[in-house]
Amino acid sequence: MEPIELHGLELLEVWSKADPGERVRFTFPISRDTGATGASVAYAELPSGGAIPRHHDTANEVVLVMEGMVEFEVDGSRSTVGEGRLVQIPSSAWHRVANAGNETARLLFYFDAAADVVTFEHPLMPLDQSVLGG
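Listed below in structure tokens is the structure:
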């Protein structure tokens, strides 16, 4: 077992084709691709004004806000959440996560499946894909 240093991870930057301001940097340090069998973990950084565009997941999701203020929109309901707080998002619920502050927000996502399929409302660039994972 090797500990994972979150701040040293190589992150992929993506943005919504419909709104390039909706951008996020992320990675999955624990997933089926890394040998996990029952769960996965993602780490993400949202710049000021950034967002994870509207999407839904095949897995249930729990999000820990590690730093910053973040607005969650889940099935049309909005809530602003500060660091040290958890948010639960059920599988298949359409949701969007946006940085509500002026500093970079850092989040940790726990999924109850080793392989999560994420479907975005609009393609993510530079990948030009609406479905990731699996």
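1163 is the number of the first residue of the sequence shown in this note's numbering; add one for each residue after it.
Glycine included, each C-beta is placed from N, C-alpha and C at the ideal position.
When DSSP states are grouped into helix, strand and coil, glycine 1230 belongs to the coil group. Per DSSP, the unbroken beta strand (DSSP E) holding tryptophan 1177 starts and ends at 1174-1178. In this structure, the beta-carbon distance from arginine 1268 to glutamate 1184 does not fall below 8 Å. C-alpha of isoleucine 1166 to C-alpha of threonine 1281: approximately 27 Å in a straight line. Taking a cut-off of 8 Å for Cβ pairs, the stretch 1283-1296 and the stretch 1239-1250 do not touch, as fewer than three such pairs fall below it.
As computed with DSSP, aspartate 1219 is found in a beta bridge with Val1280.
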